[in-house]
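Worksheet: one structure, shown below.
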C-alpha cells in the first residue's frame with residue numbers, strides 16, 4: 082500500500098491500515114517545522130467521511146484543563162456546586178439502604194453485598210466532595226480518605242480508618258457478588274452472615290457521613 086494523497090513530500094509515511102467496518106485508519110508524520118516535527122496526526126476514513134482527532138499535544142492540554150477545573154473549585158460557586166453534588170450522593174446512598182433491606186428480606190444475600198458496596202462508595206465520595214476533594218473514578222476510595230484525612234471534618238477523625246476499611250473490604254466483593262466466576266455462583270457462595278455484615282457496614286458509613294454532608298455550611 083502507498084501513502085495517502087496529500088502527505089507532505091519528502092516526509093516518512095505509514096501505509097493506510099484497514100479498520101473494522103471497512104474504513105481506514107491512517108497514521109502519518111507531518112514535517113515542515115521544528116515545533117511540528119515528529120508529531121503524529123491520526124485520521125479515520127469511513128462511510129461518513131474524514132474525522133480528525135487532536136494531535137499528540139492534546140494530552141498536555143487535557144492535563145492543563147484538569148488543573149484549571151480543580152482550581153475553579155476553590156471559588157465560592159465551585160464549592161457550592163461541589164457541595165450540592167455531595168449532598169445528592171449521600172441522599173441517594175441513604176435511599177439505597179431501603180433497597181438493601183428489601184433484598185435482605187428476599188434473602189438475596191449476594192445482591193445485598195453488591196448494593197452495600199455501592200452505598201458505601203456513593204456515601205464516601207459524597208464526603209470527599211463535601212470536603213473539596215475530587216474523588217477519583219475508582220470503586221475503593223480508602224487510600225484517598227487516609228491521604229486527605231486533614232481535610233475531612235474533625236469529628237470524623239476517629240472514624241477514618243473504619244470508613245476506609247468498609248470501602249476496602251466491600252470493594253473486594255463488588256464484581257464477585259454480581260458476576261460470580263466459572264466455579265462460583267454468587268447465590269450459592271454468599272451467606273446471610275455476609276449480607277448482614279455488609280448491610281451493617283453500609284448503614285454505619287451513611288450514619289457517620291450524613292450529618293457532615295447534609296448539614297448546612299456555617300457562615
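Numbering (the working numbering), first residue to last: 82 to 300.
Glycine residues also receive a C-beta, built at the ideal position from the N, C-alpha and C atoms.
Everything numeric in this text was worked out from a predicted model, so none of it was measured.
Of the residues the options, the one placed nearest residue i, counting alpha carbons only
{"i": "residue 267", "options": "177, 180 and 188", "result": "188"}
{"i": "residue 209", "options": "246, 200, 197 and 222", "result": "222"}
{"i": "residue 253", "options": "207, 293, 228 and 219", "result": "219"}
{"i": "residue 251", "options": "229, 192, 211 and 216", "result": "192"}
{"i": "residue 290", "options": "256, 179 and 171", "result": "171"}
{"i": "residue 235", "options": "294, 206, 163 and 215", "result": "294"}
{"i": "residue 274", "options": "241, 163 and 194", "result": "194"}
{"i": "residue 165", "options": "241, 207 and 176", "result": "207"}
{"i": "residue 163", "options": "269, 237 and 215", "result": "215"}
{"i": "residue 202", "options": "238, 285 and 261", "result": "285"}
Beta-carbon proximity check, residue i vs residue j, cutoff 9 Å
{"i": "residue 280", "j": "residue 182", "result": "yes"}
{"i": "residue 190", "j": "residue 276", "result": "yes"}
{"i": "residue 224", "j": "residue 258", "result": "no"}
{"i": "residue 226", "j": "residue 248", "result": "yes"}
{"i": "residue 287", "j": "residue 174", "result": "yes"}
{"i": "residue 213", "j": "residue 230", "result": "no"}
{"i": "residue 199", "j": "residue 179", "result": "no"}
Segment limits, alpha helix (DSSP H) that includes residue i
{"i": "residue 192", "result": "190 to 211"}
{"i": "residue 288", "result": "273 to 295"}
{"i": "residue 303", "result": "In the structure as shown, the chain begins at 82 and stops at 300. Residue 303 is therefore absent and cannot be evaluated."}
{"i": "residue 251", "result": "241 to 252"}
{"i": "residue 226", "result": "223 to 228"}
For residue i, the residue or residues it bridges with in DSSP
{"i": "residue 262", "result": "265"}
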